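Asker: Heads up: the sequence shown runs through residues 3 to 206, numbered per my numbering. Even glycine gets a Cβ: it sits at the ideal position worked out from N, Cα and C. Treat the numbers as computed from the prediction; the structure is a model and nothing was measured. Questions regarding the structure given below will be posed in turn.
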Amino acid sequence: MKLPARVGLTGGIGSGKSTVASMFANLGIPVLDLDQVGRSLAMPGSPCLRRLVDAFGEVILHADGTLDRSRLADICFAEADGTAQLNSIMHPLIKMEEQAWLGCQQAEYAIVEASVLIESGGVERMDAVVVVLADERLRLQRVLDRGKQDEAAFKRIIQRQCDDAMRRQAADYVIVNEAGLVDLHARVDSLHRALMQRFALSRA
Numbered sequence: 003m004k005l006p007a008r009v010g011l012t013g014g015i016g017s018g019k020s021t022v023a024s025m026f027a028n029l030g031i032p033v034l035d036l037d038q039v040g041r042s043l044a045m046p047g048s049p050c051l052r053r054l055v056d057a058f059g060e061v062i063l064h065a066d067g068t069l070d071r072s073r074l075a076d077i078c079f080a081e082a083d084g085t086a087q088l089n090s091i092m093h094p095l096i097k098m099e100e101q102a103w104l105g106c107q108q109a110e111y112a113i114v115e116a117s118v119l120i121e122s123g124g125v126e127r128m129d130a131v132v133v134v135l136a137d138e139r140l141r142l143q144r145v146l147d148r149g150k151q152d153e154a155a156f157k158r159i160i161q162r163q164c165d166d167a168m169r170r171q172a173a174d175y176v177i178v179n180e181a182g183l184v185d186l187h188a189r190v191d192s193l194h195r196a197l198m199q200r201f202a203l204s205r206a
C-alpha cells in the first residue's frame with residue numbers, strides 16, 4: 003500500500019496555520035501536528051526529556067518537572083550550536099513518529115503541520131509545502147487577542163523563526179490569510195482540490 007503524499011504546512015506565529023490545519027481536517031484530510039508530537043515525546047520521565055536535560059541543564063524544567071519550552075527555545079537561540087543540538091535529539095524521534103502515523107492513514111495526501119518545518123530541514127521529506135502568510139502587524143494583533151503572549155514574547159518568537167521571504171522560497175503553495183474566515187475557507191477548499199488532483203494523478 004502506498005503512503006499518502008506528505009504535505010508540509012507551516013507559517014509564522016499568528017499567521018493562522020493551525021486554523022488552516024483544522025480546515026483541512028474538516029475536509030477529511032489527516033493532520034499531524036509535529037509541535038504536539040514534540041510535546042508528547044518530552045513528557046516528564048521520558049528518555050527524550052532526560053536527554054534534553056543532559057544537554058541543556060535543569061534550567062529548562064519548570065518546578066513540577068515539565069519542560070519549559072520557552073526557556074529551552076531561548077537557550078537554543080542564544081547558543082551558536084544550540085538549535086543543532088536540539089534538532090539532533092528531537093528530530094529523529096519526531097520523524098519516526100511521523101512515519102508510523104503516516105503508515106496508518108488512508109488518503110491521497112496528509113497534512114504535516116509544524117511551526118519550524120523550514121528551519122528544521124523538514125521540507126526535504128515533504129512532497130509539497132504549504133505556507134500560510136499574513137502581515138506582521140495583523141499577526142501580532144491576533145496573538146495579543148488570544149491573550150497567551152504579549153508583544154515581547156511575540157518578538158522573541160519571530161526572531162527564532164525564518165522570515166516570509168524564506169517561507170515563500172520554500173513554498174509550493176502560499177495561502178495569504180488576511181481577509182477573514184470566509185476568504186480563508188475558499189482558499190483552503192481551492193488548494194484541497196488542487197492537491198487531490200495532483201496526488202491522485204501521481205499515485206495512479
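Tell me the DSSP secondary structure of Thr12 in three-state form.
Answerer: Working through the sequence shown from its first residue, we reach residue 12 at position 10. Three-state DSSP puts Thr12 in a strand.
Asker: Nearest to Ser17 by alpha carbon, out of Ile77, Gly182, Gln108?
Answerer: Position 15 of the sequence shown, counted from the first residue, corresponds to residue 17. It is Gly182.
Asker: Measuring only between beta-carbons, confirm whether Glu115 sits less than 8 Å from chain B.
Answerer: Chain labels in this structure do not include chain B; a single protein chain is all it has.
Asker: Do you know whose CA, among Phe58, Lys4, Gly14, lies nearest Arg170's CA?
Answerer: Numbered from 1 along the sequence shown, position 168 holds the residue referred to as residue 170. The candidate whose alpha carbon is nearest that of Arg170 is Gly14.
Asker: Do you know offhand how far Leu63's Cα is from Ser192's?
Answerer: For the purposes of this step, residue 63 is taken as residue 61 along the sequence shown, with counting starting at 1. For the purposes of this step, residue 192 is taken as residue 190 along the sequence shown, with counting starting at 1. Using only the alpha carbons, I get a separation of about 43 Å.
Asker: Tell me, to the nearest whole angstrom, how far the beta carbon of Gln135 is from that of Val176; I am working on the premise that it is less than 8 Å.
Answerer: Your numbering for residue 135 matches position 133 in the sequence shown. Your numbering for residue 176 matches position 174 in the sequence shown. Here residue 135 is Leu; the residue named in the question, Gln, does not match the sequence. Correct: roughly 6 Å between the Cβ atoms.
Asker: Could you name the residues of the same chain whose beta carbon sits closer than 7 Å to that of Ala44, not counting the 5 residues immediately before and after it, in chain order?
Answerer: Position 42 of the sequence shown, counted from the first residue, corresponds to residue 44. If we look at Ala44 and ignore the five residues flanking it on each side, its Cβ neighbours are Cys50, Leu51, Leu54, Leu69.
Asker: Comparing alpha-carbon positions, which option in Ala167, Val22, Ser42 lies nearest Val33?
Answerer: In the sequence shown, residue 33 corresponds to position 31, counting from 1. Among Ala167, Val22, Ser42, the Cα nearest to that of Val33 belongs to Val22.
Asker: Measure the beta-carbon distance from Glu110 to Ala27 and round it to whole angstroms, keeping in mind my assumption that it falls under 8 Å.
Answerer: For this step, residue 110 is matched to residue 108 along the sequence shown. For this step, residue 27 is matched to residue 25 along the sequence shown. Their Cβ separation, rounded to whole angstroms, is 15 Å, which puts Glu110 and Ala27 out of contact at 8 Å.
Asker: Which residues mark the beginning and the end of the alpha helix (DSSP H) in which Leu34 is found?
Answerer: Within the sequence shown, numbered from 1, the residue matching residue 34 stands at position 32. Counting along the chain, Leu34 falls outside any alpha helix (DSSP H), though it belongs to the beta strand (DSSP E) covering 33-35.
Asker: Are Arg8 and Met198 closer than 8 Å when you measure CB to CB?
Answerer: Working through the sequence shown from its first residue, we reach residue 8 at position 6. Working through the sequence shown from its first residue, we reach residue 198 at position 196. Cβ distance not < 8 Å, so Arg8 and Met198 don't count as in contact.
Asker: If Val131 sits next to Ala173, beta carbons under 8 Å apart, how far is it from one beta carbon to the other, in whole angstroms?
Answerer: By one-based count along the sequence shown, residue 131 stands at place 129. By one-based count along the sequence shown, residue 173 stands at place 171. At roughly 5 Å, the Cβ-Cβ gap stays under 8 Å, so Val131 and Ala173 are in contact.
Asker: Assign Phe79 to one of two classes, buried (16 or more other C-beta atoms within 10 Å of its C-beta) or exposed (fewer than that).
Answerer: Translated into the one-based positions of the sequence shown, residue 79 becomes position 77. Exposed, since its Cβ has fewer than 16 Cβ neighbours within 10 Å.
Asker: Quick check: what's the CA-CA separation for Gln143 versus Gln151?
Answerer: As a working mapping, residue 143 is identified with position 141 in the sequence shown. As a working mapping, residue 151 is identified with position 149 in the sequence shown. Straight-line Cα distance between these residues: approximately 11 Å.
Asker: Helix, strand or coil: which one does DSSP assign to Leu63?
Answerer: Translated into positions along the sequence shown, residue 63 becomes position 61. Strand.
Asker: What are the start and end residues of the alpha helix (DSSP H) that includes Leu140?
Answerer: Reading the sequence shown from its first residue, position 138 is the one you call residue 140. Residues 138-148.
Asker: Which runs of the alpha helix (DSSP H), 4 residues or longer, sit entirely within the region 160-195?
Answerer: The qualifying runs are 166-172.
Asker: Applying the 10 Å Cβ sphere with the 16-neighbour rule, what's the burial state of Val133?
Answerer: Along the sequence shown, read from residue 1 onward, the residue named residue 133 stands at position 131. That one is buried.
Asker: DSSP three-state call for Glu110: helix, strand or coil?
Answerer: What you label residue 110 is simply residue 108 of the sequence shown in a count that begins at 1. Residue state, collapsed to three classes: coil.
Asker: Tell me the DSSP secondary structure of Glu153 in three-state form.
Answerer: For the purposes of this step, residue 153 is taken as residue 151 along the sequence shown, with counting starting at 1. Three-state DSSP puts Glu153 in a helix.
Asker: Could you tell me which uninterrupted alpha helix (DSSP H) segments, each at least 4 residues in length, are contained entirely in the region 74-137, listed from first to last along the chain?
Answerer: For the region 74-137, whole alpha helix (DSSP H) runs of length 4 or above, ordered along the chain, are 84-104.
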